[in-house]
Amino acid sequence: MSYPIPEGPIPEVAQPTGGGVKPSDWIAPLGLALAVVAVALAAWSLLRPAPDPASSAEQQASAKTGTCKAFAMVSKAVILQTHADLGPDPVARETVAANARLAMFGGGSYLLAHIDPATPDDLAAAAKSFANGLQDIAMYALAGVPNIEATQAARLRDAESASNRVAQQCK
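For any residue, its number in the numbering used here is found by taking its place in the sequence shown, counting from 1, and adding 6.
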């Protein structure tokens, strides 16, 4: 079926005369405003004074005290929970093992959270090593790796060494 093609000029379609704002009227100014804000923020971040990375002796002493207190708390919790003796019952032994793992994993997280940026570098490194070691030991123990397995035994030795380094610096 074919449709007849009208002859003559094509009538014009009436344009809306609502006087409203068209999207093209506000997109360019909005883009320009955002660009100006971005440039201003970039300039501000480049020109503002950088914070002084060096900590004062007082800040370092306070940070050391906080790290050492956290270390003492974690050490106490780990010792208490790993040396508990509830008897030979298998459920009691599993309870002790679960509490020991919890003390190591939670203690590692607690210690890491209490290492202030102003903590002296040597102490911070030793405390992080100890905390991460505790978490590694706990995670492998949760996965069923026994302490007599060579890699787990090495983790235990490394954590003890890190603990001794922290203890020396916290005297």
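From the three backbone atoms N, C-alpha and C, an ideal C-beta is built for every residue, glycine too.
query, result
"Alpha-carbon spacing of Asp-122 relative to Asn-153, whole angstroms", "32 Å"
"Cβ-Cβ separation, Ala-144 to Phe-111 (assumed contact under 8 Å), whole Å", "4 Å"
"Outcome for Val-172 when other beta-carbon atoms lying within 10 angstroms are tallied against a minimum of 16", "buried"
"Coarse secondary structure for Asp-91, derived from DSSP in three states", "coil"
"9 Å Cβ cutoff met for Ala-156 and Val-80", "no"
"CB of Leu-129 within 9 Å of CB of Gln-65, strictly", "no"
"Spatial distance of Asp-91 from Ala-109 (CA atoms)", "15 Å"
"C-beta atoms of Leu-140 and Gly-114 nearer than 9 Å", "yes"
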